[in-house]
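One structure is given below, encoded as structure tokens.
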Amino acid sequence: MTTSVSLVLGSGGARGLAHIGVIRELEEQGYKIASISGCSMGALIGGVYAADRLDEFENWIRTITKVDIVKLLDIAWQKHGLVKGDKIINALGELVGDRKIEELPIPFTAVAADIVNEKEIWINSGRLFDAIRASISLPLFFTPVQYKNVYLVDGGVLNPVPIAPTFHDGNDQTIAVNLGGPAEFSPGIGEEAPSSGPESSSLRKRLNRFIGNLQSSSKDDDEKDLDAYDVANQAFDAMQSTIARQKLAAYPPDIVIDIARNACGTLEFDRAAEMIELGRKKAQGQLKLKD
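Residues 4 to 294 (the working numbering) are what the sequence shown spells out, left to right.
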């Protein structure tokens with residue numbers, strides 16, 4: 004008998020490409036993904052899969068380079084966000100098409116955060132990429148999205164592993180993918196690789212100028228140099244990891260697939276092949292333990 008699954012896909016930037024590998028492994032092992040709840044990158048991957056366009060997205064993301072990433076960042080230079088996000092959403096729209104959530108073959112919920120009223124917003128109707136754009140609105144990086152007279156930011160601010168939307172799905176199992184898993188230190192797993200090349204330099208300079216970090220010109224030789232981007236990135240990851248542990252403890256799913264929070268940097272989308280394979284391997288391990 005086929006096992007139906009409520010799939011919960013967490014937030015975590017480029018680490019979210021591991022979601023693709025998890026989905027591939029679930030399909031290969033005969034699971035039926037019957038509903039999806041996603042936050043931030045989890046909303047993006049989950050929405051694309053629910054629209055039956057994951058093959059097209061995977062083919063595209065595997066070709067992404069650092070140069071391509073910089074080209075997709077339409078700098079806003081507004082006081083409430085660095086990147087407008089229009090270029091990214093338009094590129095994805097060309098791959099997937101203009102779809103409405105309620106018309107997707109798989110029920111889908113994107114989770115964003117209304118930080119003024121301090122509550123989660125579950126979006127399960129309307130234009131798919133409007134919902135995804137709201138859910139991926141990483142504070143300081145993306146400009147917030149106006150939705151029904153409130154401004155929404157990345158759902159990971161309040162709930163990086165959104166299990167609650169699946170409570171009444173009635174499926175056989177709930178499987179959650181947590182991108183804020185314990186750090187691992189082994190070949191291929193580590194902190195974001197040092198930037199190299201003009202395209203990486205340009206990206207980091209833009210980020211750092213926006214954040215406005217003022218660093219001391221003198222440092223001890225053994226002091227680790229954390230620039231403004233590193234500080235913001237690691238702080239947000241630490242916050243999400245803490246919240247994720249609390250949510251998973253309060254509402255334990257049947258299976259949790261942890262991806263190390265230091266598996267790759269937030270913007271390292273050029274490491275797609277590596278992250279997809281990591282997701283597949285982690286899923287294999289957890290599904291085997293459950294058997």
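Quick reminder that beta carbons are idealized off the backbone N, C-alpha and C, glycines included. The model shown is predicted, which means the values in this text are computed figures rather than measured ones.
Simplified DSSP assignment, three categories, for residue i
{"i": "Gly159", "result": "helix"}
{"i": "Thr177", "result": "strand"}
{"i": "Ala247", "result": "helix"}
{"i": "Phe239", "result": "helix"}
{"i": "Arg136", "result": "helix"}
{"i": "Lys35", "result": "strand"}
{"i": "Asp273", "result": "helix"}
{"i": "Leu217", "result": "For Leu217, the predicted structure reports a pLDDT of 33, less than 50, and the residue's modelled location is therefore unreliable. The matter cannot be settled from this model."}
{"i": "Arg264", "result": "coil"}
{"i": "Gly183", "result": "strand"}
{"i": "Lys284", "result": "helix"}
{"i": "Gly15", "result": "coil"}
{"i": "Val153", "result": "strand"}
{"i": "Val3", "result": "Residue 3 lies beyond the stretch modelled for the chain, which goes from 4 to 294, so this question has no answer here."}
{"i": "Ile109", "result": "coil"}
{"i": "Glu28", "result": "helix"}
{"i": "Ile166", "result": "coil"}
{"i": "Gly129", "result": "coil"}
{"i": "Leu47", "result": "helix"}
{"i": "Leu10", "result": "strand"}
{"i": "Ile258", "result": "strand"}
{"i": "Ile124", "result": "strand"}
For residue j and residue i, believed in contact at Cβ under 8 Å, the rounded distance
{"i": "Asn174", "j": "Ser38", "result": "6 Å"}
{"i": "Ile92", "j": "Arg136", "result": "5 Å"}
{"i": "Phe239", "j": "Ile72", "result": "Between Ile72 and Phe239 the Cβ distance is about 18 Å, and since that is not below 8 Å, they are no contact."}
C-alpha distance - residue i paired with residue j, whole-angstrom precision
{"i": "Gly33", "j": "Leu290", "result": "12 Å"}
{"i": "Leu182", "j": "Gly13", "result": "6 Å"}
{"i": "Ile64", "j": "Ala275", "result": "6 Å"}
{"i": "Val114", "j": "Lys122", "result": "10 Å"}
{"i": "Val234", "j": "Thr6", "result": "42 Å"}
{"i": "Gly129", "j": "Leu107", "result": "11 Å"}
{"i": "Gly49", "j": "Leu57", "result": "9 Å"}
{"i": "Glu61", "j": "Ile67", "result": "10 Å"}
{"i": "Asn75", "j": "Gln149", "result": "One point to set straight first is that residue 75 is Leu, not Asn, in the sequence displayed. So the alpha carbons of these two residues sit roughly 21 Å apart."}
{"i": "Lys35", "j": "Gln176", "result": "10 Å"}
{"i": "Met242", "j": "Gln249", "result": "11 Å"}
{"i": "Glu105", "j": "Asp172", "result": "15 Å"}
{"i": "Lys227", "j": "Asp261", "result": "Because the pLDDT at Lys227 is just 46, under 50, the model does not fix this residue reliably, and the point stays unresolved."}
{"i": "Val51", "j": "Arg283", "result": "18 Å"}
{"i": "Phe111", "j": "Asn127", "result": "6 Å"}
{"i": "Ile124", "j": "Gly100", "result": "24 Å"}
{"i": "Asn236", "j": "Phe188", "result": "19 Å"}
{"i": "His22", "j": "Pro147", "result": "24 Å"}
Min CB distance residue i to chain B below 8 Å
{"i": "Leu76", "result": "Included in the structure is just one protein chain, with no chain B present."}
Under 8 Å between C-beta atoms of residue i and residue j
{"i": "Gly15", "j": "Met44", "result": "yes"}
{"i": "Ala286", "j": "Ala186", "result": "no"}
{"i": "Asp117", "j": "Leu155", "result": "yes"}
{"i": "Leu10", "j": "Met278", "result": "no"}
{"i": "Ala54", "j": "Leu143", "result": "no"}
{"i": "Gly184", "j": "Cys42", "result": "no"}
{"i": "Ala179", "j": "Leu281", "result": "no"}
{"i": "Pro163", "j": "Ile258", "result": "no"}
{"i": "Ile139", "j": "Ala46", "result": "yes"}
{"i": "Phe145", "j": "Gly88", "result": "yes"}
{"i": "Ala134", "j": "Tyr254", "result": "no"}
{"i": "Asp77", "j": "Lys69", "result": "no"}
{"i": "Val119", "j": "Val160", "result": "no"}
{"i": "Ala94", "j": "Thr269", "result": "no"}
{"i": "Leu98", "j": "Glu59", "result": "yes"}
Original post:
Which whole runs of the alpha helix (DSSP H) in the segment 50-107 are 4 residues long or more, in chain order?
Top reply: 57-64, 69-74, 89-99
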